[in-house]
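At position 56 of the sequence shown (counting the first as 1) the number is 55 in numbering that gives the first Met the number 0, and the numbers step up by one without a gap.
From the three backbone atoms N, C-alpha and C, an ideal C-beta is built for every residue, glycine too.
In this text the structure is predicted, and so the values were computed from the model without any measurement.
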Amino acid sequence: MRPAALDLSGQGGEQDAWAGRKRFVDVGGLDLAYVEVAGSEPPLVLVHGFTDTSRSFSLLAPHLSARRLVMPDLRGHGASQAGRGFGIADFADDVAGLIRNLRLARPVVLGHSLGGMVAMQVAARHPELVGGLVVLAGALKADFAPDHPLVAGVAELRDPISPTDPFYD
Numbered sequence: 000m001r002p003a004a005l006d007l008s009g010q011g012g013e014q015d016a017w018a019g020r021k022r023f024v025d026v027g028g029l030d031l032a033y034v035e036v037a038g039s040e041p042p043l044v045l046v047h048g049f050t051d052t053s054r055s056f057s058l059l060a061p062h063l064s065a066r067r068l069v070m071p072d073l074r075g076h077g078a079s080q081a082g083r084g085f086g087i088a089d090f091a092d093d094v095a096g097l098i099r100n101l102r103l104a105r106p107v108v109l110g111h112s113l114g115g116m117v118a119m120q121v122a123a124r125h126p127e128l129v130g131g132l133v134v135l136a137g138a139l140k141a142d143f144a145p146d147h148p149l150v151a152g153v154a155e156l157r158d159p160i161s162p163t164d165p166f167y168d
């Protein structure tokens, strides 16, 4: 028997019903689909990766049920309209529009893979909207200047036990 935290029995119905839970919001003339899970704790916006949808968070959502969760389908993904641009900035501005339209109070924005790059751009382009940033398996995009605060913060995350450390000389 698997531990309770990994017990996914009974999740099939949730998986099958995901598409029926989608709502839509107009963001700059674009219908952006999202799923929302009500919770009393501060909001968390979960941004999926390339060729994925909000459903990628469907098995994680029950473990975060105390929080208000908002999980969009990025433009051109899932049930969202495609629009004209598919740059990271386009996706980021859509997520910012979603945050504004839903009147989310400085949510933590979590992004996975491509969603991580989108989340970083939301924080960089719209810092007044973001209360925190979590990046899972993301990468910095080359258009960040070397002195940008997000790039500077990454340098602090380097492995303190580096083979190039003078300690090993």
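Burial check for L68: the Cβ neighbour count within 10 Å reaches 16 or more, so the residue is buried. DSSP, reduced to helix, strand and coil, places H62 within a helical segment of the structure shown. Taking every protein chain shown into account, the CB of R102 has fewer than 16 other CB atoms within 10 angstroms, so this residue is exposed. By the neighbour-count definition (other C-beta atoms within 10 Å, threshold 16), A91 is a buried residue.
In the displayed model, D89 falls within a helix according to three-state DSSP.
Among the bridge pairs identified by DSSP, E40 is matched with R66.
Exclusion of the five residues before and after W17 leaves V34, S53, R54 and S57 as the residues of its chain whose Cβ lies within less than 8 Å of its Cβ. A residue is called buried once 16 or more other Cβ atoms fall within 10 Å of its Cβ, and R74 is buried on that count.
The beta-bridge partner set that DSSP reports for E35 consists of V69. In the three-state reduction of the DSSP assignment, L139 falls in the coil class, being assigned neither a helical nor a strand state. Membership of L109 in the beta strand (DSSP E) is indicated by the continuous run V107 to H111.
For V24, the beta-bridge partners assigned by DSSP are L31. With 16 or more neighbouring CB atoms inside 10 Å of its own CB, P71 falls in the buried class.
Per the coordinates, the alpha-carbon of L45 lies some 6 Å from the alpha-carbon of G110. Put simply, of L113, A104, R20 and G77 the residue whose alpha carbon is nearest the alpha carbon of P126 is A104. A distance below 6 Å between beta-carbons, with the five flanking residues on each side excluded, links Q80 to the following residues of its chain, in chain order: L29 and D30.
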